Amino acid sequence: MSPVLAGVLQLLALMAALALAYRPLGDYMARVYSSEKHYKPEKWIYKVIGANPSAEMRWPAYLRAVLAFSAVSVLFLYLLQRLQGVLPGSLGFAAIDPDQAFNTAASFVANTNWQSYYGEQAMGHVVQTGGLAVQNFVSAAVGMAVAVALVRGFARSRTGELGNFWSDLVRGTVRILLPISVIGAIVLVACGAIQNFAGIHEVGQFLGGTQQWNGGAVASQEVIKELGTNGGGYFNANSAHPFENPTPFSNLFEIFLILVIPFALTRTFGRMVGNLRQGYAILATMGVIWVGFTALMMWTEFAHHGPAFDVSGGAMEGKETRFGVGASAIFSVATTLTSTGAVNSFHSSYTGLGGGIQLLGMQLGEIAPGGTGSGLYGMLIMAIIAVFIAGLMVGRTPEYLGKKISTREIKLAACYILITPALVLCFTAAAMALPTPPNSMLNSGAHGFSEILYAYTSGANNNGSAFAGLNADTQWFNSTIGIAMLLGRFLPMVFVLALAGSLAEQKPVPETAGTLRTDKPLYAGLLVGTILIITGLTYFPALALGPLAEGLAS
Numbered sequence: 432m433s434p435v436l437a438g439v440l441q442l443l444a445l446m447a448a449l450a451l452a453y454r455p456l457g458d459y460m461a462r463v464y465s466s467e468k469h470y471k472p473e474k475w476i477y478k479v480i481g482a483n484p485s486a487e488m489r490w491p492a493y494l495r496a497v498l499a500f501s502a503v504s505v506l507f508l509y510l511l512q513r514l515q516g517v518l519p520g521s522l523g524f525a526a527i528d529p530d531q532a533f534n535t536a537a538s539f540v541a542n543t544n545w546q547s548y549y550g551e552q553a554m555g556h557v558v559q560t561g562g563l564a565v566q567n568f569v570s571a572a573v574g575m576a577v578a579v580a581l582v583r584g585f586a587r588s589r590t591g592e593l594g595n596f597w598s599d600l601v602r603g604t605v606r607i608l609l610p611i612s613v614i615g616a617i618v619l620v621a622c623g624a625i626q627n628f629a630g631i632h633e634v635g636q637f638l639g640g641t642q643q644w645n646g647g648a649v650a651s652q653e654v655i656k657e658l659g660t661n662g663g664g665y666f667n668a669n670s671a672h673p674f675e676n677p678t679p680f681s682n683l684f685e686i687f688l689i690l691v692i693p694f695a696l697t698r699t700f701g702r703m704v705g706n707l708r709q710g711y712a713i714l715a716t717m718g719v720i721w722v723g724f725t726a727l728m729m730w731t732e733f734a735h736h737g738p739a740f741d742v743s744g745g746a747m748e749g750k751e752t753r754f755g756v757g758a759s760a761i762f763s764v765a766t767t768l769t770s771t772g773a774v775n776s777f778h779s780s781y782t783g784l785g786g787g788i789q790l791l792g793m794q795l796g797e798i799a800p801g802g803t804g805s806g807l808y809g810m811l812i813m814a815i816i817a818v819f820i821a822g823l824m825v826g827r828t829p830e831y832l833g834k835k836i837s838t839r840e841i842k843l844a845a846c847y848i849l850i851t852p853a854l855v856l857c858f859t860a861a862a863m864a865l866p867t868p869p870n871s872m873l874n875s876g877a878h879g880f881s882e883i884l885y886a887y888t889s890g891a892n893n894n895g896s897a898f899a900g901l902n903a904d905t906q907w908f909n910s911t912i913g914i915a916m917l918l919g920r921f922l923p924m925v926f927v928l929a930l931a932g933s934l935a936e937q938k939p940v941p942e943t944a945g946t947l948r949t950d951k952p953l954y955a956g957l958l959v960g961t962i963l964i965i966t967g968l969t970y971f972p973a974l975a976l977g978p979l980a981e982g983l984a985s
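In the numbering used here, the protein residues as written are 432 to 985.
In structure tokens form, the structure reads like this:
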């Protein structure tokens with residue numbers, strides 16, 4: 432079987448699996464977030480944290496709860512790393528340096544999971560399992576909660592109440608993420624992923640010395656890092672490591688985990704607003720972009736530019752021979768079009784245009800299908816922008832799901848889409864202008880610039896993957912990327928929740944003959960065009976200096 436055909440068949444199998452899971456999972460999540468029943472374990476959690484899960488919150492209260500929970504999480508994870516040297520199960524590792532501890536705490540709480548350290552050489556079992564894995568669950572649940580709050584803003588009228596953050600957080604963790612993770616961990620263990628609390632042990636001789644590996648609760652952390660679109664990894668090699676990703680089947684299964692909740696949330700959205708066709712329109716938009724990017728990535732990496740490429744069947748540098756070009760390309764697009772950041776190949780080794788596709792996928796706002804929750808609310812913001820543009824064309828006040836999109840809503844949406852590009856471009860410019868940060872670049876020229884652009888794009892968009900040619904374990908990069916991750920995660924949430932509150936207060940507008948049908952293919956096409964044009968106008972100069980220049984020169 433040719434490598435190209437193998438890649439296409441894997442893509443088709445993945446699409447079939449996602450289609451089978453779409454309806455039952457989407458409907459189940461809608462029931463979870465609409466239910467008024469609280470299970471006994473959930474009541475215990477509410478009692479411990481002192482929360483009333485039945486109390487409705489307006490958007491300022493919902494936002495305060497999100498920020499307070501996340502701030503406590505950052506502090507807890509920071510202290511856990513700083514105290515690692517005196518904790519049991521540390522495997523003899525010392526406490527993490529302050530700048531790296533801040534970067535890692537910000538990273539995992541912001542659902543970014545950027546790592547400027549070697550996981551198997553820095554983090555013991557307590558930090559890995561009690562700190563990082565816990566944040567993999569709750570940071571994903573926070574994103575889902577914010578998305579559901581925005582959906583309630585569309586679904587409700589004449590009220591500013593958006594639900595209860597604590598209830599949404601606990602239900603998302605206990606009823607959705609935890610059960611799927613248990614099943615997924617069993618599947619990965621069956622495939623060969625390790626799951627233990629063993630210490631450091633020798634596995635043989637390597638270049639005249641002893642090779643050592645850690646044990647760890649890898650399968651359980653691997654499944655939630657993918658399911659929660661977190662990223663990161665127990666080992667520095669990430670999902671290219673055989674302890675994390677043993678077989679081609681486990682590789683395809685992990686890609687499925689990355690995509691299944693973000694895609695299924697469009698069904699949840701349609702169910703909660705009472706119009707499934709609206710969910711299908713959002714799904715179609717996400718699907719078109721995802722398939723298009725995957726096809727482009729496979730083309731760039733399979734394109735033959737000489738005898739070495741002909742013999743290997745594509746650009747194999749930096750890719751796992753167990754998976755090949757096709758599976759690596761599918762994984763790469765899945766991880767950069769979501770906020771996952773897990774990698775099964777070396778992104779810096781992709782062709783120039785392939786690296787540009789990775790960058791552009793993150794710069795779209797990771798909305799196709801995006802992160803758990805963040806992908807849905809990001810796409811809904813873009814849907815509002817597209818409706819506004821359509822309204823300008825025909826000269827009438829835009830409407831979306833029975834709500835008028837007035838000046839207030841457009842200002843909030845505009846602030847949302849401007850925050851992340853401002854962070855990416857300003858931090859990249861500062862890093863390139865100052866004398867010290869460029870010393871961390873492994874390469875010079877266009878590729879070196881792409882390394883820094885990729886780092887801040889990944890951080891501010893809460894992705895977490897890296898070109899890896901950049902030495903990011905410096906005080907400058909640990910601090911600035913940490914700040915970019917926190918601002919890139921929580922500032923957009925301010926505008927999302929403010930928008931949700933504004934929409935919930937409106938009374939529904941009856942549909943007329945002049946109302947734009949937002950559940951039709953024409954609107955989905957307009958939405959795709961809006962996303963690509965806005966991103967292209969924003970990032971084209973930076974992309975032209977980096978991956979485009981490199982790709983055209985090769």
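The C-beta atom is built at its ideal place from N, Cα and C for all residues, glycine as well. Being a predicted model, the structure only gives us computed values, none of them experimental.
query                                                                                                                                                                           : result
What are the boundary residues of the alpha helix (DSSP H) that includes P455?                                                                                                  : 434 to 465
Quick one: Cα of L947 to Cα of A821, how far?                                                                                                                                   : 8 Å
What separation, rounded to the nearest whole angstrom, lies between the Cα atoms of F971 and N627?                                                                             : 47 Å
Less than 9 Å between the C-beta atoms of V577 and V818, yes or no?                                                                                                             : no
Going by beta-carbon coordinates alone, are V704 and L843 separated by less than 9 Å?                                                                                           : no
Which of helix, strand or coil does DSSP assign to E592?                                                                                                                        : strand
Cutting at 6 Å between CB atoms, please list the residues of its own chain near L873, excluding the five before and the five after it.                                          : G900
Taking only the alpha-carbon atoms, compute the straight-line gap between V435 and A877 and give it to the nearest angstrom.                                                    : 29 Å
Please state whether DSSP places H556 in a helix, a strand or coil.                                                                                                             : helix
Does the Cβ-Cβ distance between P693 and T803 come in under 9 Å?                                                                                                                : yes
Of all the alpha helix (DSSP H) runs that stay within the bounds of the segment 812 to 888, which reach a length of 4 or more residues?                                         : 838 to 864
Are the beta-carbon atoms of A862 and T590 separated by less than 9 Å?                                                                                                          : no
What are the uninterrupted segments assigned as alpha helix (DSSP H) that are 4 or more residues long and contained completely in the segment 890 to 967, given in chain order? : 906 to 936
Should L683 go down as buried or exposed, given a rule of 16 or more other Cβ atoms within 10 Å for buried?                                                                     : buried
How long is the line joining the alpha carbons of A739 and T782, rounded to whole angstroms?                                                                                    : For A739, the predicted model reports a pLDDT of 49, less than 50, meaning its position is unreliable; a value from the coordinates is still stated below. Using only the alpha carbons, I get a separation of about 14 Å.
Compute the Euclidean distance between the alpha carbons of M717 and V439, then round it to the nearest angstrom.                                                               : 19 Å
May I have the straight-line CA-CA distance separating S485 from G913, to the nearest angstrom?                                                                                 : 35 Å
Which two residues bound the contiguous alpha helix (DSSP H) that contains F628?                                                                                                : Unbroken run through F628: none, as it is neither H nor E.
Looking at the unbroken alpha helix (DSSP H) that takes in R513, where does it start and where does it end?                                                                     : 490 to 513
So, with DSSP's three-state summary, where would you put K468?                                                                                                                  : coil
T867: which of A903, S881, L856, F898 sits nearest, CA to CA?                                                                                                                   : A903
Are the CB atoms of I458 and Q709 nearer to each other than 9 Å?                                                                                                                : Contrary to the premise, residue 458 reads as Asp rather than Ile in this sequence. Cβ distance not < 9 Å, so D458 and Q709 don't count as in contact.
Whole angstroms is fine: what's the gap from V613's alpha carbon to Q652's?                                                                                                     : 10 Å
Can you find at least 3 beta carbon pairs, one from the segment 497 to 507 and one from the segment 568 to 576, that sit closer than 8 Å?                                       : yes
Which term fits Q515, buried or exposed, when burial requires 16 or more other beta carbons within 10 angstroms of its beta carbon?                                             : buried
Just to confirm the assignment, what range does the alpha helix (DSSP H) spanning D530 have?                                                                                    : 529 to 540
Which of helix, strand or coil does DSSP assign to P972?                                                                                                                        : helix
By Cβ distance below 7 Å, which residues in the same chain neighbour P679 in space, the five residues on each side in sequence not counted?                                     : R753, F754, A758
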